[in-house]
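Residues in the sequence shown are numbered consecutively from 24, following the numbering used here.
Note that CB positions come from ideal geometry on N, CA and C, so glycine has one too.
All figures in this text were calculated on a predicted structure; none of them were measured in a lab.
Each remark here refers to the structure printed beneath this line.
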Amino acid sequence: MSLHSSASVKRITTHTLQEMKLRGEKISMLTAYDFSMAKIVDEAGMDILLVGDSASNVMAGHETTLPITLDQMIYHASAVVRAVKRAFVVVDIPFGNYQGNSSEALRSAIRIMKESGAHAVKVEGGAEIKESVLRILSAGVPVMGHLGLTPQSIYKFGTYTVRAREEEEAEKLIEDAKLLEACGCFALVLEKIPAALGKRVAEALAIPVIGIGAGGDVDGQVLVMHDLLGITQEFKPRFLRRYADLQKTMTEAFQNYIADVKSKDFPNSSESY
Ligand code: KIV
């Protein structure tokens with residue numbers, strides 16, 4: 024069965040993503056957290072929308088991803104799902120809602136799928152969350168893995184520097200990647216690792232490997248929307264390419280509006296009833 028939206032747009036599925044890897048077509052993925060932006064991104068042709076727990080940073084202003092709750096993730100995810108006709112929608116299970124307790128992991132994944140209408144969930148970690156991954160998969164919920172820099176463990180690592188530069192950590196990452204694939208994950212995100220390691224993992228796995236700071240030899244790329252648009256100017260990792268300077272554009276628009284209100288230029292007679 025193929026899945027179609029009401030307007031007959033062919034939806035992206037896990038199967039589509041697998042086929043893209045097989046034919047060497049790169050997968051585009053971007054975060055989204057609300058209806059209006061998700062609609063624009065979907066209509067632009069993005070393959071995957073990630074309702075990332077980076078919402079904790081860019082939407083709520085927290086320093087880390089840890090504080091965001093399952094209810095808040097479901098709120099963001101349902102807004103994104105309502106906007107999307109074509110893209111595959113993946114939702115992060117937040118910190119504390121899947122680690123260490125596979126029953127809770129399953130409950131969290133089912134709440135996300137049922138209450139938001141999303142298509143898959145994402146979790147951070149390897150061997151240590153194997154039971155949770157298997158339990159979620161057993162309910163038929165597609166799972167995307169996430170290795171390398173895993174922001175939910177930031178207090179364990181202490182820094183946001185590049186991960187797995189040393190051979191021991193690189194070997195553990197490769198083992199974890201193979202384990203997640205063997206469990207049945209449909210795709211894997213690799214964050215902030217050496218490009219050569221990203222290439223090794225992408226070649227070793229049959230499932231799509233999506234990178235953020237993992238070099239160009241993986242199967243696709245993901246960025247945080249606010250970074251790509253230049254709304255978050257203070258965040259400047261080497262891997263980030265900005266495609267717009269919206270902070271400048273928006274500031275100018277807001278300042279022009281303020282000036283027009285103060286000078287009584289707005290509204291004029293054609294903007295009045
Ligand atoms: O939450 C998020 O935005 C993410 C991406 C950085 C992959 O997990």
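Inset, instruction - Let me know if T182 comes out buried or exposed under the rule of 16 or more other beta-carbons within 10 Å of its beta-carbon. - result: exposed
Legend entry - Any non-hydrogen atom of the ligand KIV closer than 6 Å to I50 Cβ: no
Inset, instruction - Quick one: using the 10 Å Cβ neighbour count with 16 as the cut-off for buried, is L45 buried or exposed? - result: exposed
Inset, instruction - With DSSP collapsed to three states, give me the class of V104. - result: helix
Legend entry - Endpoints, the beta strand (DSSP E) within which A210 is located: A210 to E214
Inset, instruction - Go through its chain and collect everything with a Cβ distance to M24's Cβ below 7 Å, but skip five positions before and after it. - result: Because M24 sits at a pLDDT of 43, beneath the cut-off of 50, its placement in the model cannot be relied upon, and the following sentence gives the value as read from the coordinates. Excluding sequence neighbours, M24 sits near nothing in its chain.
Inset, instruction - Would you check if the stretch 65–79 and the stretch 254–265 touch, i.e. whether three or more CB-CB distances between them fall below 8 Å? - result: no
Inset, instruction - For P290, count neighbouring Cβ atoms within 10 angstroms of its own Cβ and tell me buried if that reaches 16, exposed if not. - result: exposed
Inset, instruction - May I ask whether a heavy atom of the ligand KIV can be found less than 6 Å away from the beta carbon of I116? - result: no
Inset, instruction - With a 10 Å radius around its C-beta and 16 neighbouring C-beta atoms as the bar for buried, classify D65 as buried or exposed. - result: buried
Legend entry - Straight-line Cα distance separating Q244 from S51: 6 Å
Legend entry - Coil, strand or helix - Q122 by DSSP: coil
Inset, instruction - Mind checking which residues open and close the beta strand (DSSP E) that includes F111? - result: F111 to D115
Inset, instruction - Examine the ligand KIV and report whether any of its heavy atoms sits within less than 6 Å of the Cβ of I235. - result: yes
Legend entry - beta strand (DSSP E) segment containing K259, residue limits: Taken as a continuous stretch (DSSP letters only), K259 belongs to no beta strand (DSSP E), as it is neither H nor E.
Inset, instruction - Could you tell me the distance, in whole angstroms, from the CA atom of M167 to the CA atom of R264? - result: 24 Å
Inset, instruction - Can you give me the Cβ contacts of F320 inside the same chain, cut-off strictly under 8 Å, excluding the 5 residues immediately before and after it? - result: What the structure shows of the chain is the stretch from 24 to 296, and residue 320 is not part of that stretch, so it cannot be assessed.
Inset, instruction - Helix, strand or coil for K62, going by three-state DSSP, please let me know. - result: helix
Legend entry - Meets three-Cβ-pair contact criterion under 8 Å: the stretch 274–281 and the stretch 73–83: no
Inset, instruction - Report the residue ranges of all beta strand (DSSP E) runs contained in full by the stretch 137–214; include only those spanning at least 3 residues, in chain order. - result: 143–145, 166–171 and 210–214
Inset, instruction - Return yes when the C-beta of G181 is under 6 Å from any heavy atom of the ligand KIV, and no when it is not. - result: no
Inset, instruction - Determine the contact status of K215 and R186, defining contact as a CB-CB distance below 7 Å. - result: yes
Inset, instruction - Could you name the residues of the same chain whose beta carbon sits closer than 7 Å to that of A55, not counting the 5 residues immediately before and after it, in chain order? - result: A61, V64, L72, V74, V103 and M248
Inset, instruction - Measure the alpha-carbon distance for R130 versus N124 and round it to whole angstroms. - result: 10 Å
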